Amino acid sequence: MKTTEAPFNDGQPPMTAYAESAAAESGVWMCLICGWIYNQQLGDPDSGVPPGTAWDDVSDDWTCPECGVSKLDFNMVRL
1 MKTTEAPFND GQPPMTAYAE SAAAESGVWM CLICGWIYNQ QLGDPDSGVP
51 PGTAWDDVSD DWTCPECGVS KLDFNMVRL
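Under UniProt numbering, residues 1 to 79 are what the sequence shown spells out, in order.
Below, the structure is given as structure tokens:
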């Protein structure tokens with residue numbers, strides 16, 4: 001399978017387009033500050049984000065329930 005590099009994201013090394021797509025499909029994002037995991041299957045009901053909510057649909061003013069940082073401090077991860 002041929003892959004292409006995606007552009008740099010916030011100074012992080014580029015992911016291949018395939019890896020970025022796979023991570024987005026997994027719906028798992030990790031806080032770079034405290035390590036808290038957002039899983040779209042689980043959502044964040046305590047913060048008003050119902051299960052099944054895709055990361056892109058989480059409000060831009062949502063904050064990490066563990067340490068309070070914004071969505072900008074989260075990266076896609078593949079588990």
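By construction, the Cβ of each residue, glycine as well, lies at the ideal position given by its N, Cα and C atoms. Note that the structure is predicted; figures quoted are calculated from it, not measured.
Within its chain, find whatever has a CB closer than 6 Å to the CB of residue i; leave out the 5 residues flanking it on each side and keep chain order.
{"i": "Y38", "result": "W29"}
Tell me the rounded alpha-carbon separation between residue i and residue j.
{"i": "L72", "j": "C34", "result": "13 Å"}
{"i": "L42", "j": "W55", "result": "11 Å"}
{"i": "V49", "j": "G68", "result": "15 Å"}
{"i": "S70", "j": "V58", "result": "11 Å"}
{"i": "W36", "j": "N75", "result": "11 Å"}
{"i": "D60", "j": "P51", "result": "17 Å"}
{"i": "Q40", "j": "T53", "result": "5 Å"}
Count the other CB atoms, across all protein chains shown, that sit within 10 Å of the CB of residue i; report buried if there are 16 or more and exposed otherwise.
{"i": "C31", "result": "buried"}
Looking only at its own chain, which residues have a Cβ that is under 7 Å from the Cβ of residue i, when we skip the five neighbours before and after it?
{"i": "S47", "result": "W62 and P65"}
{"i": "S26", "result": "R78 and L79"}
{"i": "D44", "result": "Y38 and P65"}
Could I get the ranges of all uninterrupted beta strand (DSSP E) runs contained in the UniProt domain "Rubredoxin-like" (26-77), with 3 residues as the minimum, in chain order?
-> 28-31, 37-39 and 74-76
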